[in-house]
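One structure is given here, and the rest of the page talks about it.
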Amino acid sequence: MSTRPRGLGILRDARGSEDVLPGSGRFGKNTLPFIILTVCVDATMITDARVLQQEFIPREVQHRDSEVNYLSSILEPVTEGNTTEPTLLYGPSGAGKTCIAQFIVEELRGSVVDLNTQYVNCWEDYTRFKTLYQLLDGIGQTYDIHRQSTPRDLLVDRLREYNDTPYVVILDEVDQLQDKDLLYDLCRMRDLTLILIANREEELFSPLDERLHSRLRNANRVHFTQYGNDEIASILRDRARWGLAENAINPTGLQQIADRAAGDARVAIGILRKAARTANREGYSRIHSDVIGDVVLEAKLEIEREVIDRLTPHQKTLYNIITDAEEIAPPALYEQYSNTVNEPKTERTVRNYLAKLEHYNLIVADGNTKARIYRARS
Ligand SMILES: Nc1ncnc2c1ncn2[C@@H]1O[C@H](COP(=O)(O)OP(=O)(O)OP(=O)(O)O)[C@@H](O)[C@H]1O
Ligand SMILES: [Mg+2]
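When we follow the working numbering, the leftmost residue of the sequence shown carries the number 4, and every step to the right adds one.
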């Protein structure tokens with residue numbers, strides 16, 4: 004079943020018919036590349052390449068009714084110009100955390116006139132400066148900020164002084180924020196409504212981060228579980244309906260992709276995209292089962308490469324050490340890492356990085372904490 008958020012949906016109709024466009028996205032500044040992409044593909048089978056992109060934000064989402072309704076009830080005060088306690092979304096990869104958070108914020112933007120919003124991916128903008136810069140950018144306050152010369156505190160002070168219209172901020176991959184004190188500062192800002200996304204709550208703060216811990220004690224929590232194969236198949240059905248020619252893929256094909264995606268919607272959409280491109284290139288009018296079988300491995304490798312590209316330099320060093328060694332224990336890994344980089348991070352931070360690599364299936368950790376061994380997955 005598709006979901007419209009309860010409450011926020013009332014004003015949604017003011018935007019006009021939603022049948023016109025199946026989805027939007029963070030495409031404000033990215034519209035052009037997507038248009039070029041659409042034009043470049045031989046459009047016999049792919050009618051709208053945008054909907055096969057991971058970043059695409061659908062106007063209707065599947066199978067997340069309770070999460071969507073809970074989140075929209077949490078954000079209800081924003082529709083009246085107020086803020087609300089931070090909300091923490093967590094769960095496995097490809098479970099729809101980023102998609103649902105962006106979908107809800109888009110809904111909010113459709114129903115609240117005076118509202119500022121910003122999406123920050125803390126894996127990309129992981130330094131204090133970059134995160135703050137993005138947050139100030141969302142309220143148009145970066146005109147005189149320079150990386151070299153602006154005092155660090157000025158950024159946080161300026162954000163603290165903000166008390167205009169409600170400001171809703173998504174901090175995605177927030178466990179990758181280098182400076183957890185910043186999160187503490189942000190949680191104390193009364194005029195910010197924070198939506199925090201992480202894979203596991205444990206990685207967001209250590210037991211030692213007592214201040215942050217107590218600050219987030221009252222946070223709303225939304226746990227996303229992995230999708231079942233049938234749920235993945237119906238998410239794919241929508242994408243096929245919006246982005247491919249009619250009958251380009253049949254229900255058996257969608258189920259075949261879902262079965263290979265193991266509950267990860269990102270992998271499923273990646274396989275569909277690759278299969279559609281391949282079938283298109285070969286001049287087929289349909290995506291046959293053997294095409295799907297042929298592209299699964301390649302699609303998964305493509306996603307893996309995208310994740311590797313997103314790694315920070317320190318994470319990449321750790322990944323390279325693990326792939327070069329057949330298997331490696333944490334003390335040897337940390338020693339090799341410390342000898343390779345300037346200013347090595349603490350063991351705790353390194354553990355956090357390794358959890359991220361494991362989460363994204365780049366490495367495997369065998370054994371319990373005391374006898375742990377890391378191996379590369381492929
Ligand atoms: N309920 C849904 N309805 C429609 N599309 C979905 C849904 N859930 C996920 N998707 C799509 O699946 C892909 C992966 O979802 P998303 O990026 O939200 O996963 P995630 O939980 O944030 O994973 P990660 O932890 O790896 O960042 C996206 O392209 C998203 O648009
Ligand atoms: Mg995500």
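Glycine is no exception: its CB is placed at the ideal position from the N, C-alpha and C atoms. The structure displayed is predicted, hence computed values, not measured ones.
Nearest-angstrom Cβ-Cβ length linking residue i and residue j, presumed shorter than 8 Å
i      : j      : result
Leu195 : Leu186 : With a Cβ gap of about 11 Å, Leu195 and Leu186 do not count as contacting.
Tyr73  : His226 : Incorrect: roughly 10 Å between the Cβ atoms, too far for contact.
Ile238 : Ala268 : 6 Å
Leu111 : Val171 : 6 Å
Glu2   : Asn223 : Since the first and last residues shown for the chain are 4 and 381, residue 2 lies out of range.
Leu2   : Arg242 : Residue 2 lies beyond the stretch modelled for the chain, which goes from 4 to 381, so this question has no answer here.
Ile49  : Ala236 : The Cβ separation is near 20 Å, so there is no contact.
Asp182 : Arg131 : 4 Å
Gly180 : Tyr129 : Sequence check: residue 180 is Leu here, not Gly. Confirmed, Cβ separation roughly 6 Å.
Gly246 : Ala379 : Not really, about 34 Å apart at Cβ, beyond 8 Å.
Glu249 : Lys277 : That pair is no contact at about 20 Å.
8 Å CB neighbourhood of residue i in its chain, flanking five on each side removed
i      : result
Asn371 : none
Arg375 : Ala332, Pro333, Ala368, Asp369
Val177 : Cys125, Leu186, Leu199, Ile200, Ala201, Leu207
Asn221 : Glu88
Ile13  : For Ile13, the predicted model reports a pLDDT of 27, less than 50, meaning its position is unreliable and no value from the coordinates is stated.
Spatial neighbours of residue i in its chain, beta-carbon cut-off 7 Å, leaving aside the 5 residues before and after
i      : result
Asp262 : Asn232
Val299 : Arg263, Ile274
Tyr363 : Ser96, Val310
Gln229 : Pro95, Ala98, Gly266
Arg203 : Tyr93
Gln259 : Ser292, Ile295
Val240 : Looking at the sequence itself, residue 240 is Arg, so the reference to Val does not match. Counting only Cβ-Cβ distances below 7 Å, and skipping sequence neighbours, we find Leu257.
Phe347 : Looking at the sequence itself, residue 347 is Pro, so the reference to Phe does not match. Correct list, in chain order: Tyr340, Ser341.
Asp312 : none
Per-residue DSSP class, three states only, for residue i
i      : result
Val71  : helix
Ala374 : coil
Thr120 : strand
Val344 : coil
Tyr93  : strand
Tyr170 : strand
Gln65  : strand
Ile274 : helix
Asp369 : strand
Leu180 : coil
Thr34  : Because Thr34 sits at a pLDDT of 35, beneath the cut-off of 50, its placement in the model cannot be relied upon, and the following sentence gives the value as read from the coordinates. Looking at Thr34 - three-state DSSP - the assignment turns out to be helix.
Ala52  : helix
Leu1   : Residue 1 cannot be examined here, being either before or after the span of the chain that is shown, 4 to 381.
Ala302 : helix
Thr196 : strand
Ala379 : strand
Asp140 : helix
Ile60  : strand
Arg175 : Checking the displayed sequence, the identity of residue 175 turns out to be Asp instead of Arg. It is a strand residue.
Glu285 : coil
Ala261 : helix
Asp85  : For clarity, residue 85 is Asn in the given sequence; the question names Asp instead. Note: Asn85 maps to coil in three-state DSSP.
Asp297 : helix
Glu127 : coil
Close beta carbons around residue i, own chain, < 6 Å, minus the five adjacent residues each side
i      : result
Lys359 : none
Thr281 : Val294, Val298
Asp117 : Thr168
Thr343 : Thr320
Gln151 : none
Asn166 : Asp194
Leu174 : Val123, Cys125, Leu199
Pro80  : Thr87
His66  : Glu234
CB contact check: residue i to chain C, cutoff 9 Å
i      : result
Thr228 : The displayed structure is made up of one protein chain only, and chain C is not part of it.
Any non-hydrogen atom of ligand 4 closer than 8 Å to residue i Cβ
i     : result
Glu79 : Of the ligands this structure carries, namely ligand 1 and ligand 2, none is ligand 4.
Original post:
At what residue ranges does the segment 313-338 contain a whole run of the alpha helix (DSSP H), taking only runs of 4 or more?
Top reply: The segment 313-338 contains, as complete alpha helix (DSSP H) runs of 4+ residues, the segments 316-327 (chain order).
Original post:
Residue ranges of each alpha helix (DSSP H) run of no fewer than 4 residues wholly in the segment 201-248, ordered along the chain?
Top reply: Correct list: 213-218, 232-246.
Original post:
Any contact of the segment 283-292 with the segment 78-87, i.e. 3+ C-beta pairs under 8 Å?
Top reply: Not touching, per the Cβ criterion.
Subject >> Touching by the beta-carbon criterion (3+ pairs, under 8 Å), the segment 157-170 and the segment 314-332 >> reply: No: fewer than three Cβ pairs fall under 8 Å.
**OP:** Tell me, please, whether the segment 87-106 touches the segment 148-155 by the rule of three or more beta-carbon pairs shorter than 8 Å.
**Re:** Under the three-pair Cβ rule at 8 Å, the segment 87-106 does not count as touching the segment 148-155.
**OP:** Spell out a yes or no on whether the segment 338-358 and the segment 312-325 are touching, meaning 3 or more CB-CB pairs, one atom from each, closer than 8 Å.
**Re:** Contact between the segment 338-358 and the segment 312-325 is present, because at least three Cβ pairs lie under 8 Å.
Original post:
Can we say the segment 243-263 touches the segment 120-136, given the rule of at least three CB pairs closer than 8 Å?
Top reply: In the pairwise beta carbon analysis, the segment 243-263 is classified as not touching the segment 120-136: fewer than three pairs are separated by under 8 Å.
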